[in-house]
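4 protein chains.
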Amino acid sequence: MPLTPDQQSQIDAERAAAASTRRPVSEGMEARLYTAHPVLDHGFVRVIDYMGGDAAIVQAARVSYGRGTRAVSDDAGLIRYLMRHWHSTPFEMCEAKFHVKLPIFVARQWIRHRTANVNEISARYSILDREFYIPAPEQLAAQARVNRQGRGDVLEGAEAQRVLDWLRDDATRAYDHYEAMLSQDGQQGLARELARMNLPANVYTQWYWKTDLHNLLGFLRLRADAHAQYEIRVYADVMAQITRDWVPAAWAAFEDYRMGGVQLSAKGVEVLKRRLRGEVVSQEDSGMSKGEWREFEGVWG
Amino acid sequence: MPLTPDQQSQIDAERAAAASTRRPVSEGMEARLYTAHPVLDHGFVRVIDYMGGDAAIVQAARVSYGRGTRAVSDDAGLIRYLMRHWHSTPFEMCEAKFHVKLPIFVARQWIRHRTANVNEISARYSILDREFYIPAPEQLAAQARVNRQGRGDVLEGAEAQRVLDWLRDDATRAYDHYEAMLSQDGQQGLARELARMNLPANVYTQWYWKTDLHNLLGFLRLRADAHAQYEIRVYADVMAQITRDWVPAAWAAFEDYRMGGVQLSAKGVEVLKRRLRGEVVSQEDSGMSKGEWREFEGVWG
Amino acid sequence: MPLTPDQQSQIDAERAAAASTRRPVSEGMEARLYTAHPVLDHGFVRVIDYMGGDAAIVQAARVSYGRGTRAVSDDAGLIRYLMRHWHSTPFEMCEAKFHVKLPIFVARQWIRHRTANVNEISARYSILDREFYIPAPEQLAAQARVNRQGRGDVLEGAEAQRVLDWLRDDATRAYDHYEAMLSQDGQQGLARELARMNLPANVYTQWYWKTDLHNLLGFLRLRADAHAQYEIRVYADVMAQITRDWVPAAWAAFEDYRMGGVQLSAKGVEVLKRRLRGEVVSQEDSGMSKGEWREFEGVWG
Amino acid sequence: MPLTPDQQSQIDAERAAAASTRRPVSEGMEARLYTAHPVLDHGFVRVIDYMGGDAAIVQAARVSYGRGTRAVSDDAGLIRYLMRHWHSTPFEMCEAKFHVKLPIFVARQWIRHRTANVNEISARYSILDREFYIPAPEQLAAQARVNRQGRGDVLEGAEAQRVLDWLRDDATRAYDHYEAMLSQDGQQGLARELARMNLPANVYTQWYWKTDLHNLLGFLRLRADAHAQYEIRVYADVMAQITRDWVPAAWAAFEDYRMGGVQLSAKGVEVLKRRLRGEVVSQEDSGMSKGEWREFEGVWG
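Going down the list, the sequences are from chains C, G, V and W.
The opening position of the first sequence corresponds to residue 5 in our numbering, with each subsequent residue numbered one higher.
The opening position of the second sequence corresponds to residue 5 in our numbering, with each subsequent residue numbered one higher.
The opening position of the third sequence corresponds to residue 5 in our numbering, with each subsequent residue numbered one higher.
The opening position of the fourth sequence corresponds to residue 5 in our numbering, with each subsequent residue numbered one higher.
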C-alpha cells in the first residue's frame with residue numbers, strides 16, 4: 005500500500021472539493037482525478053490536472069469560435085482523419101499532468117521522452133523514503149536467448165530465491181548506510197547530495213509529469229507496447245486506461261491506427277501484393293533480411 | 005468591430021455555460037475566459053482554456069500530494085525564490101490556450117517562439133476574410149535614424165496620407181483579385197493554395213496558440229518590451245494583463261525580476277562598484293563599447 | 005537566375021577553400037557544399053554546413069569509442085533496424101544547415117516544423133529585394149473539386165492570362181509603393197517594419213535553417229510527399245537528393261520504410277488478412293469510412 | 005585511468021586521421037577532438053564532432069552568402085551585441101557532440117537539459133562495467149546547515165573513513181551480486197534489464213550528448229556555477245574550456261554577460277540607485293526578503 009494516511013486524506017480532500025468552471029470538462033477524467041492507481045509494489049500514477057478533451061481537438065482543427073454544434077459522430081470522423089494523416093497539432097491542444105511514484109531505473113527510461121514538463125523530488129534537498137521495487141516472483145525472468153534485450157522464462161527454485169534475497173538485502177543495507185551517513189547524531193552527517201549515491205536503481209522516486217496528448221500517445225505507443233520493459237509498461241497501461249476515459253474518440257483512433265496498426269515497408273507492400281495475386285514468396289525472394297522476414301511473418305504468417 | 009453576431013453569440017454561449025470540476029480554478033482567469041479582447045483594428049486575443057495557477061507552481065516545486073495548507077504568503081515567497089534562481093520547471097506546470105486574430109506580419113514574428121502548440125486556419129483549405137491592418141495615424145512612424153530597427157517621429161501631412169492611401173488601395177485591389185481568381189463563376193477558379201499568394205502581409209489570420217507559463221513569460225518578456233514592434237506589443241500587453249489575473253504571485257515576481265529587472269555584465273558590475281566607491285567612470289575607462297555604454301547610461305545615468 | 009555576380013563569387017570562394025579536419029567527412033555532402041541549387045523562379049537551396057554521416061548513426065547507436073572497423077553492410081543493416089523500430093535518437097546525431105531563398109507563403113508552411121534552428125533576414129532591419137514568385141503556366145492549377153485542399157486541372161486561355169497579369173501587376177505595384185514609402189527623398193520615409201506589410205505573400209525571403217537528420221527526414225516525409233503543395237515540394241525534392249548523397253544508407257532505409265512504406269490500421273490489417281484467405285471484402289463490410297476505403301483501395305486495389 | 009589500451013588506440017587512430025573539407029574549421033576545437041579529458045575517478049569528456057564556430061554565429065545573424073571579409077573585431081562586437089540582447093538563434097547555428105562517461109546520479113541531473121540529443125549505453129542490452137565513483141577525501145562534505153541543498157565542511161576522521169568504507173563495500177557487493185545474478189553458469193541467469201536495478205547511483209554510464217551552442221551555454225551557466233553540485237560542475241568546467249577554445253569570441257561575451265554578470269530585480273535597481281545617491285539602505289527598507297537581501301549583499305556588500 006503506497007500511501008500514508010496523511011497522503012490519503014489529502015487526496016480525499018482534493019477529490020471532495022468541487023468548483024464551478026467555464027472550461028470544458030471531461031467527465032471520464034473528472035472521475036479519475038487525484039486517485040492514486042497502484043502500480044508495482046510501491047508505485048502509483050494519478051492524474052492531477054488536465055485541459056481539453058475530444059472536443060478541443062476538433063475545435064483546434066477548425067480554429068472555431070465556439071464549442072460547435074456538430075454531431076459527436078462528425079467529431080469522431082474528423083479525429084480519425086487527423087490521426088490517419090499524421091496531423092499532430094490538434095492533439096497537442098489537450099494537456100494532462102500526472103503525479104507518478106516509480107523506481108529510478110524506470111524513471112531513467114521515462115525521462116528520455118523529452119517533450120514533457122517534469123518536477124522530480126530532489127535527493128539533494130530531501131531524504132528519499134525507504135521503498136524499493138522487488139519484482140513479484142512471476143516477474144523474475146531470465147535473460148532472453150534470441151533477443152539481447154528481453155526476457156525469457158521465469159526463474160525458479162534456488163536461483164529465484166537467491167535473486168530475491170540479494171535484491172532485498174542489498175537494498176536494505178544500502179538504505180541503512182544511507183541513513184547512517186546522513187545522521188547528525190554524534191557526527192556531522194554527510195551531504196544529502198552525496199549520500200544518495202549509495203542508493204540502488206530500484207529505490208522509488210516521484211515526479212510531476214505533464215505533457216500534451218500528442219506526446220502522451222507517443223509515449224504510450226512505445227511504452228504500452230509488448231517490447232517495452234514490463235516495469236514501465238505497467239505504468240503505461242494505467243495511463244492508457246486513463247487516456248481512454250479522457251478522450252474516447254482520440255483513443256479509439258489511436259488504437260486502430262497506431263496500437264493495432266502495422267507499418268509496412270515498400271518491400272513488405274510488394275510481398276503482400278504478390279501474395280494477394282496468389283504467389284508464394286520466400287524470405288530469399290522478398291528482399292528482406294532474416295530479421296525483417298521474421299517480424300513480417302509474425303504479423304502475416 | 006472584429007466579431008460577427010454569430011461569433012459573438014457563440015462566445016456568449018461559451019461564457020454562459022458552467023460545469024462542476026475537481027480541478028483547481030483561477031477566478032481571475034475564469035472571468036477572462038472566451039471574451040475577445042480587441043487588439044489593433046480587426047484583431048483580438050481571447051483565452052479559451054487554461055490549466056493550473058499560482059498553487060500549481062508551488063505544488064510542483066514541492067511534488068505535493070494535495071493542495072497544501074500553507075499560507076498564501078509562503079507560496080508567494082517560494083515563487084519569488086524560484087523566479088530569482090531561474091527555476092523554470094515549476095512554471096511549466098501551468099498552461100494557457102489563446103485564440104488570436106492577427107496580421108500575418110505579426111504572426112511571422114510570433115511563430116518564432118517555438119515551444120508552443122499552434123493550429124492556424126489554412127489558406128490552402130479556407131478563404132481568408134477581407135480584413136487588413138491599417139495603422140492608426142498616430143502609429144504611422146518614420147524609420148528611426150539611429151537604430152536601424154525601430155521607429156522615429158510620426159509621419160504627417162501629405163506623406164502620411166499617401167502611405168495610408170497606398171496601404172488601403174493595394175490591399176483592396178489585392179483582395180479583389182484574390183476573390184476574382186478564386187471565383188468559379190464562368191471560369192475554373194484558381195486553387196486556394198495559389199490565390200493566397202496575392203494577399204499582402206497585413207491581411208488577418210487566426211490561430212489557436214497554447215503554451216506553458218514559463219514560455220508565455222518568455223514571450224511576454226521579449227514582446228511586451230519597449231523594443232518590440234508596436235503591432236505585436238499590443239497583443240503582448242493584453243496577454244500580460246490576462247496573465248496577471250491568472251497567476252498574480254508569479255506575475256508579481258516576473259515584474260520584479262524580469263520586466264523591471266536589469267542584467268548587468270561583469271563590466272557593468274565593476275563600473276557600478278567603482279561608482280559606489282565614489283569614483284567617476286567614463287566610457288573610455290569602462291571597458292564597454294559606445295553602444296553598451298549608451299545602454300548602461302540609459303539605466304544608471 | 006537567382007544570384008548576383010557578387011553572391012556567385014562569394015560561393016565560388018567558399019567552394020574553392022579547403023582545410024584539413026579530423027572530423028568525419030561525407031564525400032557526397034562535400035560535393036554539394038555551398039552550391040545554390042535553383043528552385044522555382046528565384047529561389048534556391050544550398051547546404052552550408054553539416055556534421056556526421058551514416059557512420060555517426062551507428063556509432064551513436066553503439067556509443068563507440070572509435071570509428072569502428074565493421075563492414076559497411078553491417079552498418080546498413082543496423083541503420084535499417086533502427087529505422088524499422090522507430091529509434092530516432094541515433095539519427096539525431098547528424099546535423100545539416102541550409103541557406104534557403106523562398107516565397108513567404110512557403111516559409112509560413114515550412115516554419116511549422118518547430119525542431120529546427122532558424123535565422124531569417126529581418127524586414128524590420130533590411131529592405132527586401134524586388135523578387136516575387138510567379139507560377140509557371142503549367143503550375144497554374146484550378147481548385148480541386150473533390151479535395152478541398154488541392155489542385156485540379158491547369159488553367160487555360162484568358163483565365164490563365166488574367167491570373168498571371170494580376171499576380172505580376174499587384175506584386176509590382178505593391179513593391180513600387182513599398183519603395184516609395186521607404187524613400188527618404190523629400191520626405192521622412194516610413195519605418196521598414198511598417199512598410200513591409202504592403203508586400204504580398206509571394207515575395208521572396210531568405211533564411212538559414214538547421215536541423216538534425218531525424219527531423220530533416222520528418223520534414224521530407226511530409227513535404228516531399230505527393231499531398232504537399234507543389235511550391236514547397238520542389239524544395240523538399242532538392243533536399244531529398246542532397247540527403248541521399250549525404251547519408252546513403254539512412255536514405256535507403258527511409259525510402260523503404262517511410263516514403264515507400266504504408267501505414268495500415270487494425271481494420272486494414274484485418275481486411276488484408278481476409279483477402280489473403282480469398283475473401284472478397286467491400287467497404288460496407290470493412291469497418292472503414294468511405295474516405296478511408298478510397299485511400300485503402302488507392303494502395304491495394 | 006579510465007581507458008583501456010584498446011579504447012586509447014581507437015582514440016589515437018581517430019586523432020591521427022585527417023581529411024580535407026570545405027567546411028569551416030575551428031583550430032581550437034580540432035586540437036581537442038577525440039581526446040578523453042579525465043573527470044572524477046573514472047569519468048571523462050571528449051568532443052567527438054562539431055559544426056561551426058564564431059564565424060557561423062555572425063554569418064547566421066547576417067544570413068550571408070559567403071564567409072564575409074569583415075574584421076574579426078567587427079565579428080566580436082556583433083557577437084557581444086547578440087549576447088547582450090538575448091538573441092539566441094545565431095548561437096544555435098553551432099553544434100557540438102560529446103562522449104561522456106559519468107556516474108548515474110550525475111547523468112540524472114544532466115538529462116534534465118531537454119534540448120539535446122542523447123544516446124546512452126543501454127543496461128537492458130549491455131552489461132555495465134565495474135566502475136563506481138568514490139569521492140576523494142577532500143570532497144566528502146557534510147550537509148550544509150543554512151542551505152538545505154549544499155555542502156558544508158569536509159568530514160574528518162572516523163566518520164569520513166566510515167563513509168568511504170560503506171560506499172566502496174556496498175558498491176562492490178552490489179556489483180558482485182549483479183554479476184552473480186547475470187551469470188549463466190549452472191543457472192538461467194537473470195534478465196539484464198532486471199539485474200541492473202541492484203546497481204547503485206554511483207555506477208558509471210556513458211552517452212553521446214549533442215547540443216547547439218546556445219543550449220550548451222545554458223547548460224554551462226547552470227552547471228559550471230558555484231551552486232551546482234561539485235560532481236557535475238567538474239564536467240561543466242572541462243566543457244567550458246573546450247567551448248572557450250572552440251568559439252573564443254562567443255565565450256568572452258558569455259563570460260562577461262552571463263557567468264560574470266548579475267541579474268538585478270527592480271527592487272535591486274532601486275536600492276543601488278539610492279546608494280549611488282549616497283543613501284544608506286537597510287533590508288527592512290529595501291522591499292526585499294531576508295534571503296534576497298543576503299544574496300544582494302553577497303554581490304554589493
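Quick reminder that beta carbons are idealized off the backbone N, C-alpha and C, glycines included.
- In the DSSP assignment, the residues bridged to residue 47/W are 43/W.
- Sequence-distant Cβ neighbours of residue 199/V in its own chain, meaning closer than 6 Å and more than five residues away, are 182, 185, 186.
- Contact between residue 109/W and residue 49/W is ruled out by a C-beta separation of about 17 Å, above the 8 Å threshold.
- Around the CB of residue 16/W, fewer than 16 other CB atoms lie within 10 Å, so the residue is classed as exposed.
- Here DSSP, grouped into helix, strand and coil, assigns residue 53/G to strand.
- In the DSSP assignment, residue 123/C falls outside any alpha helix (DSSP H) and lies within the beta strand (DSSP E) extending over 121 to 124.
- Closest in C-alpha terms to residue 179/G, from the list 180/V, 170/V, 179/V, 176/V, comes 170/V.
- CA-CA distance, residue 120/G to residue 129/C, rounds to 31 Å.
- Taking 7 Å as the CB threshold, residue 99/G lines the interface with chain C.
- The alpha-carbon of residue 299/C is positioned some 20 Å away from that of residue 79/V.
- When DSSP states are grouped into helix, strand and coil, residue 279/C belongs to the helix group.
- Taking 7 Å as the cut-off, the beta carbon of residue 30/V is found no closer than this to the beta carbon of residue 218/V.
- By the rule that beta-carbons nearer than 7 Å mark a contact, residue 190/C does not touch chain V.
- Going by C-alpha positions, residue 134/V is about 12 Å away from residue 6/V.
- Of all residues in the stretch 279 to 294 of chain G, none has a C-beta nearer than 9 Å to a C-beta of chain V.
- The alpha helix (DSSP H) runs lying completely inside the stretch 75 to 162 of chain W and spanning 4 residues or more are 76 to 88, 108 to 114, given in chain order.
- Residues of the stretch 108 to 128 of chain W with a C-beta atom less than 8 Å from some C-beta of chain V are 121, 122, 123, 124, 125, listed in chain order.
- No Cβ-Cβ contact shorter than 7 Å links residue 292/G with residue 277/G.
- Looking only at 13/C, 225/C, 154/C, the smallest Cα-Cα distance to residue 21/C is reached by 13/C.
- Shortest Cα-Cα distance from residue 196/V to any of 204/G, 153/G, 57/G, 28/G involves 153/G.
- Between residue 194/W and residue 164/W, the gap from beta carbon to beta carbon reaches 7 Å or more.
- Counting along the chain, residue 23/C sits inside the beta strand (DSSP E) bounded by residues 23 to 25.
- 7 Å or more divides the Cβ of residue 251/V from the Cβ of residue 45/V.
- Ranked by how close their Cα comes to the Cα of residue 85/V, the residues 256/V, 290/V, 124/V, 19/V have 256/V in first place.
- Judged by DSSP in its simplified three-state form, residue 171/C adopts helix.
- Of all alpha-carbon atoms in 54/C, 43/C, 26/C, 247/C, the one lying nearest the alpha-carbon of residue 136/C is that of 43/C.
- Think of a sphere of 7 Å around the beta carbon of residue 93/V: the chain W residues whose beta carbon falls inside it are 121, 122, 123, in chain order.
- Per DSSP, the unbroken alpha helix (DSSP H) holding residue 234/C starts and ends at 234 to 250.
- Annotated three-state conformation of residue 14/V is helix, per DSSP.
- Interface with chain V (7 Å Cβ-Cβ cutoff): residue 36/W is excluded.
- Annotation for residue 29/V: no alpha helix (DSSP H) segment contains it, and DSSP assigns it neither H nor E.
- Assigned with DSSP and collapsed to three states, residue 210/W falls in strand.
- Interface annotation for the stretch 167 to 183 of chain W against chain C: 167, 170, 171, 174, 177, 178, 181, criterion Cβ-Cβ distance under 7 Å.
- Within the stretch 243 to 265 of chain C, not one residue has a Cβ closer than 7 Å to any Cβ of chain G.
- CA-to-CA, the gap between residue 235/G and residue 209/V works out to about 21 Å.
- Distance from residue 157/W to residue 245/C at the Cβ level is roughly 51 Å; contact not present, criterion being Cβ atoms closer than 8 Å.
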